[in-house]
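In the numbering used here, the protein residues as written are 79 to 218.
Presented below is the structure to which this report refers.
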Amino acid sequence: MSRWIIPAIALLGVGMLLNAAAMYYSAHSRHHNGLFDPAASAYGADPVTWPGGGHIYMMPAQINSNAWGFILLDTASHRVCVYRILTTASRLRLMAVRDFSADLKLSDFNNAAPTPEQVKAMLRMGIGGGKPAPGSQPAR
Numbered sequence: 079m080s081r082w083i084i085p086a087i088a089l090l091g092v093g094m095l096l097n098a099a100a101m102y103y104s105a106h107s108r109h110h111n112g113l114f115d116p117a118a119s120a121y122g123a124d125p126v127t128w129p130g131g132g133h134i135y136m137m138p139a140q141i142n143s144n145a146w147g148f149i150l151l152d153t154a155s156h157r158v159c160v161y162r163i164l165t166t167a168s169r170l171r172l173m174a175v176r177d178f179s180a181d182l183k184l185s186d187f188n189n190a191a192p193t194p195e196q197v198k199a200m201l202r203m204g205i206g207g208g209k210p211a212p213g214s215q216p217a218r
C-alpha cells in the first residue's frame with residue numbers, strides 16, 4: 079500500500095467526522111445559537127459563524143496520480159490556495175495562490191463554441207428552445 083493512502087484516508091475521515099458532528103448537533107441541539115438554526119436569520123438574528131467568518135472553505139484535491147492535497151477558497155478576499163501534502167516529510171507545500179477577483183469581472187473567456195453570445199442568439203432565433211430534435215434520445 080502506498081505511503082500516501084493512509085494519511086489521505088485519515089484526512090478525509092476527519093473531515094467526514096466533523097461534518098457528521100455538525101449535522102448531529104444541528105438535528106439534536108436544544109440550544110440553537112444561530113450556527114445551525116435556519117430560522118435565526120428569518121427572525122433577524124445575526125447567525126454565529128465558524129472561525130474564518132464563514133467564508134473559508136477547504137476541499138480535498140488529488141494533485142496528480144500519486145499526490146494529494148487540499149484547496150482553500152476564501153470567498154471574502156477572492157483567493158484560492160492549493161497545498162500539497164508531503165507525507166514523507168510530514169509537511170505541507172504551498173503550490174499556488176490566485177486572486178480571482180478580476181476573473182469574476184470577465185463574462186466570456188476561453189470558451190469553445192457555442193459561446194454565451196452564440197447561445198443567446200440561438201435562443202432569440204428559436205433554435206434549441208428546450209425541445210429535443212425529432213428522433214433524438216433524451217438526456218439521462
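Glycine is no exception: its CB is placed at the ideal position from the N, C-alpha and C atoms.
The C-alpha of Gln196 is placed about 38 Å away from the C-alpha of Gly147.
Bounds of any alpha helix (DSSP H) do not take in Met203, whose DSSP letter is neither H nor E. Just so you know, the alpha carbons of Asp181 and Met94 end up roughly 32 Å apart.
Distance from the CA atom of Tyr135 to the CA atom of Asp152, rounded to whole angstroms, is 7 Å. Counting every other CB atom within 10 Å of its CB across the protein chains shown gives Ile163 a total of 16 or more, marking it as buried.
Across the set Ala167, Tyr161 and Met203, the C-alpha of Tyr161 shows the shortest separation from the C-alpha of Asn142. Judged by their CB atoms, Met200 and Pro194 are not nearer to each other than the 8 Å cut-off.
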